[in-house]
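Asks:
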Amino acid sequence: MIIVNDEYVTLDTLNGPMRTHIVRPAAPGRYPGIVFYSEIFQITAPIRRTAAMLAGHGYIIAMPEIYHEFEPAGTVFSYDQAGSDRGNALKTTKELSSYDADARAALDHLKSRPDCTGHLGAMGICIGGHLAFRAAMNPDVLATACFYATDIHKGSLSKGGDNSLERTKDIKGELLMIWGRQDPHIPLEGRMAVLARLNELEKRFSWHEVNGAHAFMRDEGLRYDPELAHTLYGLVFNFFHRKLGEGDQSAQPTASTETRH
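Using this note's numbering, read the sequence shown as starting at 8 and increasing by one per residue.
#1: Give me whichever residues DSSP pairs with Asn12 in a beta bridge.
#2: Quick one, are the C-beta atoms of His6 and Gly128 less than 9 Å apart?
#3: What does a CB cutoff of less than 6 Å around Ala236 pick up in its chain, not counting 5 residues either side in sequence?
#4: Along the chain, where does the beta strand (DSSP E) that runs through Met70 open and close?
#5: Secondary structure at Ala89, three-state DSSP: helix, strand or coil?
#6: In chain order, which continuous runs of the alpha helix (DSSP H) of length 4 or greater are located wholly inside the segment 182-211?
#7: Do Val30 and Ala113 have their C-beta atoms closer together than 9 Å?
#8: Going along the chain, which residues of its own chain have a beta-carbon closer than 6 Å to the beta-carbon of Pro260, five neighbours each way excluded?
#9: So what's Ala262 in DSSP terms, helix, strand or just coil?
#10: Assign Ala80 to one of two classes, buried (16 or more other C-beta atoms within 10 Å of its C-beta) or exposed (fewer than that).
#11: In terms of residue numbering, what span does the alpha helix (DSSP H) encompassing Met60 cover?
#12: Quick one: complete beta strand (DSSP E) runs, 3+ long, within the segment 92-135?
#13: Quick one: what does DSSP say Tyr231 is sitting in, helix, strand or coil?
#14: Below 8 Å on the Cβ atoms is my contact criterion, and I expect Thr27 with Pro71 to pass it. Report the Cβ-Cβ distance as a whole number of Å.
#15: Can the beta-carbon of Thr20 be found less than 9 Å from the beta-carbon of Glu76?
#16: Is it the case that the Cβ atoms of Ile10 and Gly65 are separated by a distance below 9 Å?
#17: Which first and last residues belong to the beta strand (DSSP E) in which Tyr44 is found?
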């Protein structure tokens, strides 16, 4: 078992400061880094628990607050209609260039950390799955896990929409794509549009469709499927271990403080 600790860093972006939650192994050493994107509700308790689970397998996890330019640092939306409405409204208010700049800021932070090996990955859930998919367009991202990534098939992320299917050609690393067959937000035709594009470009990826509704990985709410979650997290850990490697515990520890970059 690996004990983890957490901290916050504030990263400079095109649209102001972005508070980013860091969870990392407490043991001294250098570890691969993963940018982990939340749902539209930002850094909720289920997201924090998932981050701790990832970090406990030997990774430095960076979780950006995706709506930092609209909401005060630390804002979390509730899993209710009001929270959903606010998160969905901001999803199409934010500029696509801002989403991409935020990804680069988080990746650069991980790469610059003395406790990071420089091997980088991305992961995301719901809108976060789409943001992780776009983060994979950065050439230094070696591995990306996307859980039921919304809006890729519709091109509807951000103000004015997105070009994610067209820019799939820029993805150099390997993808792990996971979907729920009973997810109304990504119907069969939407999933097949993404699959066809990946096959057309001969990208390196694995594709898993399971019998689950939207948010079946979230350990809060009626749609949670713990058996599926357990199985799929196993795939994620194996994937990142294979693509990002292990940490180097011979290195010295660094202090955990809130800093600005």
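For every residue, glycine included, the Cβ atom is placed at its ideal position computed from N, Cα and C. Fair warning: this is a prediction, and the values are worked out from it, not measured in the lab.
Replies: From the atom records:
#1: Assignment of beta-bridge partners to Asn12 by DSSP yields Arg31.
#2: Absent from the structure is residue 6, since the part of the chain shown begins at 8 and ends at 268.
#3: The answer, listed in chain order, is Met224.
#4: It spans 67-71 - the beta strand (DSSP E) in which Met70 sits, taken as one unbroken run.
#5: DSSP, reduced to helix, strand and coil, places Ala89 within a helical segment of the structure shown.
#6: Fully enclosed alpha helix (DSSP H) runs of 4 or longer: 195-207.
#7: No. Outside cutoff.
#8: Bear in mind that the predicted position of Pro260 carries a pLDDT of just 48, short of 50, making it too unreliable to give a figure here.
#9: Confidence at Ala262 is low in this model, with a pLDDT of 48, below 50, so the placement of that residue is unreliable and no value is reported for it.
#10: Ala80 counts as exposed, since fewer than 16 other beta carbons sit within 10 angstroms of its beta carbon.
#11: Residues 52-62.
#12: Runs found: 123-132.
#13: Here Tyr231 sits in coil by DSSP.
#14: For Thr27 against Pro71, the beta-carbon gap comes to about 5 Å, under 8 Å, which counts as contact.
#15: A contact, by the Cβ cut-off of 9 Å.
#16: Between Ile10 and Gly65, the gap from beta carbon to beta carbon reaches 9 Å or more.
#17: 38-44 is the extent of the beta strand (DSSP E) around Tyr44.
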